[in-house]
C-alpha cells in the first residue's frame, strides 16, 4: 500500500523537478499578488498590519487554486490517469499521493516564503509564526478540497475559471479561521488555539473524505 | 471467461449498440470490427469498467465487474488510444512505475529485457519525449511483455507501428492467446494465431 | 390496485403527468400569493413602526424571509434528487435536480436583493456583512457553481453526474461555511448565537409569512416542472414518444 503511495509521490515530484518552472510559477504568483496590494491600498504601516493576514490568505487561496488546474490535467492528457483508474490499487490512495505531491510543490513553498511576506506587511514575529503554522495546516485542506473541483472540471473548456467558481466558496471556512488566527495573535497569542483546533479538524476530515470524493469525480470525468 | 449480456450503450442521445451478447473464453481472440463511430472504443471501455453501460452487464468469471471492482482490474490490461506514458520519464522509469501500479514485482533486468524485445535497445534511458511516435508506442507496448494479466483489451494497438513492430505485436498477442489468455481488440490488421481460436464481432451492421 | 410509483420514474410517463399538474400549481401560487401579500400588507399590526409610517418597510420580510427559506430548502431538495440519481442511476432524478437549480438561485438572489432593500433604510447601507446575508451570498455562489458546471459539460450524462457530486460536496460544506461566517471568532461563539423562535412572532405576521412560503413552494413546483418538461423533451428528442408527440402537435 505504502509502496504505491510512495511510487506516485516520487513520480510526480520527479516530473515537476524535471519541468522546473511549474513549481516557481505558483510561488511567484503568490509573491506578486501579495506585493501588489500595498501599491493599491497605500503603504501606511497600520493599514498593512490590519490587512496583512487577509491578503496573504486570499493570495494563498488564489495561488493554490491556479496550481490545482494542472493537478490531474497532464495525466489526463497522456492517458496515465486512465491507467491509474484501471489498476487494482484503491484510486483514492493514488489520488491522495498526487495531492500530497502537489501540496509539497505548491503549498509548502508558500509556507516557507511566509516570513518574507509577513515582513512586507510589518507583522510581528509571533504573527509570522502563527501565519506559518496556519498556512501549514490550512494549505493542505485547500489542495484536498480543490482536488475535487480539479477532478470535476477535467478536460473542460475554460476549466480554470470554472474551477475557481466551484471551489472558492468552499474555501471560505479555511480563509476565515486561517486569517482569523493571525489577526487574533496580534492581540492575544493564547486565543489562537481554537483556530488551530478548527483548522486541524478540517484537515483531518478533508484527508478522509476529499480523496474519496475526488476519485469518484475522476471516474465520472473519465467515462 | 468474459461474458457480456444485453449490453446497451449510448453517447449523448445516440444509441451505439443495444442487446449485445457474447462470450469470450480462455484462449480466444475477439476481433471487434465496425466503421468509425460504431462504438468500438465505447465497447472496449465498457468491458474495462471505465464506462457504465445504460443496460446489461459485463461478467468476469461469472461475477459482475461492477461488484468485482478493483479485483477485476488485477486481471485486466487495457491499452487505449493514449499511450499512458510520461514524456519526461525514461522508458525504464515508465515501465517500473507501471509495474508497481500493477502490483508486479519486476526487476531492472526484466524491464531491460522487455525494452530490448520491443527493439528499443539504446533508448532505455532517454526521456520518451525524445522518441518518435512509433518508439513511444513501443515503450507503451512493452507493458504487454511484463504484464501477467489474463485479459487484454487493446484499442487499435497497431496504429503508428512499422512493419517490424506489427509482426512483433502480432507475435505477442498470439503467444498470449496460445497461453490461454483472452484478448479483445479493435484493429484493421489481421492477427494470425498460432493456436487458440479467433472470433469476430461486427458492430453497427 | 397497487400503485406503481416507479411508473413515473420514466420520463415518458412523467411528462404528461407534469403537464397536468402545472396549471394546478400555478393556480395555487396565484391564490396564496394574493392572500399572503394582502394579509402581510393590510392585516398585520404596525408593530415595528409603532405608528411611524417610515418603518413600514419592515413588510419586506414577507418576501425576504420566505425566499431565504426557499433558497435553503431548494438546495436540499436539489441535492436529494442528485443523490438519488447517483445511487439509483435514474435519469429523471438528475433532470429534476437540474430543473430546480435556477429556481433556487432566483430565490437566493431575491433574498439578497430584498435584504439590500431592507438594509438601506435600517442600516443606512445596501450591503452590510451581516452573517445571514453573507451566508446567503455563499449559497448563491454554490447555485451558480452547480449551474455553471452543468452547462460547461457537453455530455449530458457526465454533466448530470459531475454536478450531482458537486452539489453533494456543497451540501456537506454548507453548514461549515455558514458556521464559519456566523462565528468567525471561535472564542466567543456562544455569545453570538442568534436565536429565533417562530412562536414568538405575532400571529398575523406569521400567517402572512407562512402563506407566502406556501406560495413560493407552489411557484417552485410549477417552474421546476415546466423546466423539467423542456429538459425531458430536449434529452429524449430522439425517442419514439417525443417524435409521436411532435407529429401530433404538428397536425393539431
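Chains as they are written, first to last, in my numbering: chain R, 2 to 224; chain D, 98 to 302; chain E, 11 to 262. Note that the Cβ used here is the ideal one computed from N, Cα and C, for glycine as well.
Using 10 angstroms around the beta-carbon of residue 252 (chain D), count the other beta-carbons present and answer buried if the total reaches 16, otherwise exposed.
Residue environment for residue 252 (chain D): buried (at least 16 other C-beta atoms within 10 angstroms of its C-beta).
Show which residues of chain D have a CB atom less than 7 angstroms away from the CB atom of residue 71 (chain R).
Chain D residues near residue 71 (chain R): none, gap ~14 angstroms exceeds 7 angstroms.
How big is the Cα-Cα spacing for residue 161 (chain R) and residue 122 (chain E)?
If you take the alpha carbons of residue 161 (chain R) and residue 122 (chain E), they lie about 27 angstroms apart.
Does the stretch 74-85 of chain R touch the stretch 120-133 of chain R, meaning 3 or more C-beta pairs lie closer than 8 angstroms?
The stretch 120-133 of chain R, when compared against the stretch 74-85 of chain R, does not touch it at the 8 angstroms Cβ threshold.
Tell me, please, whether the stretch 181-197 of chain E touches the stretch 210-223 of chain E by the rule of three or more beta-carbon pairs shorter than 8 angstroms.
Touching, no, given that fewer than three Cβ pairs across the two stretches are closer than 8 angstroms.
Let me check understanding here. Comparing Cα to Cα, which of R:11, R:77, R:224, R:60 lies closest to residue 179 (chain R)?
With respect to the C-alpha of residue 179 (chain R), the residue from R:11, R:77, R:224, R:60 having the closest C-alpha is R:60.
Could you check what DSSP says for residue 287 (chain D) in three-state terms: helix, strand or coil?
Reduced to three states, the DSSP call for residue 287 (chain D) is coil.
The stretch 55-87 of chain R: positions lying closer than 7 angstroms to chain D by Cβ:
Here the close residues are 79, 80, 81, 83, 84, 85, 86, 87.
Local Cβ density within 10 Å of residue 188 (chain R), reported as buried at 16 or more and exposed below that
With fewer than 16 neighbouring CB atoms inside 10 Å of its own CB, residue 188 (chain R) falls in the exposed class.
Considering just the uninterrupted stretch of the beta strand (DSSP E) at residue 103 (chain D), what are its terminal residues?
Annotation: the continuous beta strand (DSSP E) that includes residue 103 (chain D) extends over 99-108.
How big is the Cα-Cα spacing for residue 47 (chain R) and residue 39 (chain R)?
Looking at the two C-alpha atoms, the distance is approximately 12 angstroms.
So, is the C-beta of residue 177 (chain R) closer than 7 angstroms to a C-beta in chain E?
Output row for residue 177 (chain R): interface = yes.
Taking any Cβ of chain D, which residues in the stretch 115-143 of chain R have a Cβ under 7 angstroms from it, in chain order?
Correct list: empty, as no residue qualifies.
Take residue 140 (chain R) and list the residues in its own chain whose beta-carbon comes closer than 7 angstroms to its own, dropping the five residues that flank it on each side.
Excluding sequence neighbours, residue 140 (chain R) sits near 61, 65, 104, 108, 111, 112.
So the beta strand (DSSP E) residue 119 (chain D) belongs to, where does it begin and stop?
From DSSP, the beta strand (DSSP E) with residue 119 (chain D) extends over 111-121.
Take every Cβ of the stretch 250-266 of chain D, pair it with every Cβ of the stretch 226-238 of chain D, and state whether three or more of those distances are shorter than 8 angstroms.
With the cut-off at 8 angstroms, the stretch 250-266 of chain D and the stretch 226-238 of chain D touch.
Just how far apart, CA to CA, sit residue 125 (chain E) and residue 92 (chain E)?
Just so you know, the alpha carbons of residue 125 (chain E) and residue 92 (chain E) end up roughly 29 angstroms apart.
By the DSSP assignment, the beta strand (DSSP E) with residue 176 (chain D) in it spans what residues?
That run of the beta strand (DSSP E) goes 173-176.
Using a Cβ-Cβ cut-off of 8 angstroms (strictly less than) and excluding sequence neighbours within five positions of residue 178 (chain D), which residues of its own chain qualify?
So the list reads 138, 252, 253, once near-sequence residues are dropped.
Should residue 190 (chain E) be flagged as near chain R, meaning a C-beta pair shorter than 7 angstroms?
Yes, contact with chain R.
Could you name each continuous alpha helix (DSSP H) segment of 4 residues or more that falls completely within the stretch 128-210 of chain R, going from the start of the chain to the end?
For the stretch 128-210 of chain R, whole alpha helix (DSSP H) runs of length 4 or above, ordered along the chain, are 160-168, 173-186.
Should residue 167 (chain D) be flagged as near chain R, meaning a C-beta pair shorter than 7 angstroms?
It does; some Cβ of chain R falls within 7 angstroms.
Would you please state the rounded distance, in angstroms, between the beta carbons of residue 144 (chain D) and residue 223 (chain R)? I believe it to be under 8 angstroms.
Incorrect: roughly 15 angstroms between the Cβ atoms, too far for contact.
What does residue 297 (chain D) pair with, by DSSP beta-bridge criteria?
Within the DSSP bridge table, the entry for residue 297 (chain D) names D:128 as partners.
Is any beta-carbon of chain D found at less than 7 angstroms from that of residue 204 (chain R)?
Judged by the 7 angstroms Cβ criterion, residue 204 (chain R) is not in contact with chain D.
Check whether the Cβ atoms of residue 248 (chain E) and residue 151 (chain D) sit closer than 7 angstroms, and answer yes or no.
No, these two residues do not count as a Cβ contact at 7 angstroms.
Closer than 7 angstroms between beta carbons: that is the criterion. Which residues of the stretch 136-162 of chain E meet it against chain B?
The question asks about chain B, but that chain is absent: this structure's protein chains are R, D and E.
Determine whether the Cβ of residue 12 (chain R) lies closer than 7 angstroms to any Cβ atom of chain D.
Under the Cβ distance rule, residue 12 (chain R) counts among the residues neighbouring chain D, one pair being separated by less than 7 angstroms.
So within the stretch 70-133 of chain R, which uninterrupted beta strand (DSSP E) runs reach at least 3 residues, ignoring any that extend past its ends?
As far as the stretch 70-133 of chain R is concerned, it has no whole beta strand (DSSP E) run of at least 3 residues.
If the criterion is Cβ atoms closer than 7 angstroms, does the pair residue 269 (chain D) and residue 172 (chain D) meet it?
Not closer than 7 angstroms, so no.
CA-to-CA distance, residue 128 (chain D) to residue 154 (chain D), given in whole angstroms
CA-CA distance, residue 154 (chain D) to residue 128 (chain D), rounds to 20 angstroms.
With DSSP as the reference, please indicate the residues paired to residue 224 (chain D) in a beta bridge.
According to DSSP, residue 224 (chain D) shares a beta bridge with D:187.
Cβ shell of residue 236 (chain E) (< 7 angstroms), same chain only, five flanking positions each side left out
The residues 32, in chain order, have a CB closer than 7 angstroms to that of residue 236 (chain E) in the same chain once the five nearest residues on each side in sequence are set aside.
Assuming the contact rule is C-beta atoms closer than 8 angstroms, residue 79 (chain R) and residue 180 (chain D) should be a hit. Round their C-beta distance to whole Å, please.
About 7 angstroms separates the beta carbons of residue 79 (chain R) and residue 180 (chain D), which is inside the 8 angstroms limit, making them a contact pair.
Quick one: Cα of residue 35 (chain E) to Cα of residue 152 (chain R), how far?
When rounded, the distance between both Cα atoms is 39 angstroms.
Cβ of residue 19 (chain R) within 7 angstroms of any chain D Cβ
Interface criterion met: the Cβ of residue 19 (chain R) is under 7 angstroms from a Cβ in chain D.
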